[in-house]
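Heads up, the final residue of the sequence shown is numbered 213 in this note's numbering, and it's a clean run with no missing numbers.
Glycine residues also receive a C-beta, built at the ideal position from the N, C-alpha and C atoms.
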Amino acid sequence: MRRRFHRNYRVRNAGAGLLEQVLGIAAPQHGAERTAAGEAVWVSAYLDSPTYRWYQELHLVVELTVAPGFHVYGRPIPEGYIPLDVTFEPLPGLQVGEPRWPEPHPFRVARLDEDFWAYDGEVRGTLPLTFTADPGAGDQTIRATVRYQACNVNECLLPATIELELPVRETVTIDRPPEPVPQS
Numbered sequence: 030m031r032r033r034f035h036r037n038y039r040v041r042n043a044g045a046g047l048l049e050q051v052l053g054i055a056a057p058q059h060g061a062e063r064t065a066a067g068e069a070v071w072v073s074a075y076l077d078s079p080t081y082r083w084y085q086e087l088h089l090v091v092e093l094t095v096a097p098g099f100h101v102y103g104r105p106i107p108e109g110y111i112p113l114d115v116t117f118e119p120l121p122g123l124q125v126g127e128p129r130w131p132e133p134h135p136f137r138v139a140r141l142d143e144d145f146w147a148y149d150g151e152v153r154g155t156l157p158l159t160f161t162a163d164p165g166a167g168d169q170t171i172r173a174t175v176r177y178q179a180c181n182v183n184e185c186l187l188p189a190t191i192e193l194e195l196p197v198r199e200t201v202t203i204d205r206p207p208e209p210v211p212q213s
């Protein structure tokens, strides 16, 4: 079992995300799902929880379906080519961690003396998002952009971007008043 530690003691994982990451069990409920189609690539994304709390870490799950005969590039990649990437519109109080993608497979292009790494078929990655805005910041919309370049053995399509908006509701933890101390 992999232990999970955060650099900041305040950061907590969402319960749904832990079920999926640690036990491989799909959570019964996740955030709103958004899908979009590009040329040769279909993208689906959702947050692993429909709600967030102060200093809670959620995960953006990004799933790509690459059309048969096509691939998208992973990292590392020679200069001049476009790898699969996800970026975010800045949002106060949102910290974005490093993406976790499966290992791409080696890929050779005929007549080129460069090493490539690529994905094809189904690809699923996650990106950790930590909400650090003070409680009461309200509901948020995560604006993510998926960028890639789809290629087949004969040609590469123009680089493409798919923009997705994912809503997430704030859940505020309400402090309880202290219990009265019994008088003796």
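Under the Cβ criterion (8 Å, minimum of three pairs), the region 131-143 does not count as touching the region 55-71.
By the C-beta density criterion, L187 is exposed, having fewer than 16 other C-beta atoms within 10 angstroms. The beta strand (DSSP E) runs lying completely inside the region 95-145 and spanning 3 residues or more are 100-102, 114-117, 123-125 and 134-136, given in chain order. In terms of Cα proximity to E62, the closest of T200, L195, V201 and Q212 is L195. The region 69-79 makes no contact with the region 129-136: fewer than 3 CB pairs, one atom from each, lie closer than 8 Å. Residues A189 and I191 of the same chain have their beta carbon placed closer than 6 Å to that of G67, with the five preceding and five following residues left out of the count. Under the three-state reduction of DSSP, Y84 is assigned to coil, being neither helix nor strand. C185 is positioned such that its CB atom lies no closer than 7 Å to that of H100.
Pairing V115 with V175 gives a Cβ-Cβ distance under 7 Å. In the DSSP annotation of this structure, A61 is not part of any beta strand (DSSP E), being labelled neither H nor E.
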